[in-house]
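According to the UniProt record's numbering, the sequence shown is numbered sequentially starting from 1.
Don't be surprised by glycine CBs; every beta carbon is placed ideally from N, CA and C.
Values in this document were obtained by computation on a predicted structure and should not be read as measured data.
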Amino acid sequence: MMWPFLALIDVLFTVLAMLLAPVIALFVRRDGYLPPWLWWFQTPDSRMDGCNGDAGFCASHTASWWTYVLWQWRNPAAGFSFWLGQTFDRPTFRHWGNLQARRVPTYIPGAYLTLVTDQKGRCAFEFSATWPSLFGRCINIRVGWKLGNLLRDPTERIPICHRFSPLMQRGKTENQPPAKAGFFTSQDR
1 MMWPFLALID VLFTVLAMLL APVIALFVRR DGYLPPWLWW FQTPDSRMDG
51 CNGDAGFCAS HTASWWTYVL WQWRNPAAGF SFWLGQTFDR PTFRHWGNLQ
101 ARRVPTYIPG AYLTLVTDQK GRCAFEFSAT WPSLFGRCIN IRVGWKLGNL
151 LRDPTERIPI CHRFSPLMQR GKTENQPPAK AGFFTSQDR
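This is how it looks when you write it as structure tokens:
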């Protein structure tokens with residue numbers, strides 16, 4: 001698998017994006033997007049004020065240089081991660097663990113591993129985990145590719161991802177029905 005090599009390149013580019021965020025923010029156009037030559041730093045599905053991609057971020061920030069810096073720190077080099085991503089032709093999924101595990105809007109601790117393959121031999125994985133941490137926050141890990149996007153649209157290009165955060169914000173905990181755990185395929189869900 002090429003993931004370790006691609007992830008290393010993406011991490012290096014992510015660090016560069018975070019360091020350059022104050023400069024990158026100076027180039028945001030009036031329409032809220034970066035010019036094409038800075039597309040590597042642009043979140044593909046949102047303007048730099050976050051209003052297309054995160055309603056909560058948008059509601060708590062007004063379009064300004066500082067907002068653009070914060071958005072780049074939140075989504076560093078998202079265009080580059082998207083470019084390193086891949087597409088699938090009629091993907092087949094295999095899952096292990098608790099697919100309901102998430103940090104927001106409702107916090108459900110747990111972890112899962114998803115593998116996807118297609119008829120052309122392409123494959124990818126996603127490991128995601130969220131566990132309690134300090135100060136009412138959670139540890140959040142997500143490595144591989146954002147395969148959840150394929151569940152929404154199997155033709156979508158999925159970006160590479162790598163995140164480890166020991167103090168991520170988490171939603172409220174509610175009583176949830178027992179999750180289907182263990183191994184199952186996309187045909188089982």
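Residue pairing by DSSP places residue 107 opposite no residue, since no beta bridge is assigned to it. Contact check between the segment 73–83 and the segment 95–111: fewer than three CB pairs, one atom from each, fall below 8 Å, which does not count as touching. The alpha helix (DSSP H) runs of length 4 or more contained entirely in the segment 18–63 are, from start to end of the chain, 55–59. Residue 46 is classed as buried because its beta carbon has at least 16 other beta carbons within 10 Å across all chains shown.
Going by beta carbons, residue 118 and residue 92 fall inside the 8 Å limit. For the 8 Å CB-CB criterion, residue 116 and residue 129 do not form a contact. With a cutoff of 8 Å on beta-carbon distance, residue 21 and residue 73 are scored as near each other. Bridge pairing for residue 126: 114, 144 [DSSP]. For residue 163, the closest of 108, 51, 146, 69 by C-alpha to C-alpha distance is 146. Residue environment analysis places residue 71 among the buried positions, since at least 16 neighbouring C-beta atoms fall within 10 angstroms of its C-beta. In the three-state reduction of the DSSP assignment, residue 171 falls in the coil class. Using a Cβ distance threshold of 8 Å, residue 86 and residue 137 do not count as a contacting pair.
At the C-beta level, residue 77 and residue 14 come within 8 Å of one another.
The residue from 144, 90, 165 with its alpha-carbon nearest to that of residue 153 is 90. With respect to the C-alpha of residue 157, the residue from 173, 133, 44, 120 having the closest C-alpha is 44.
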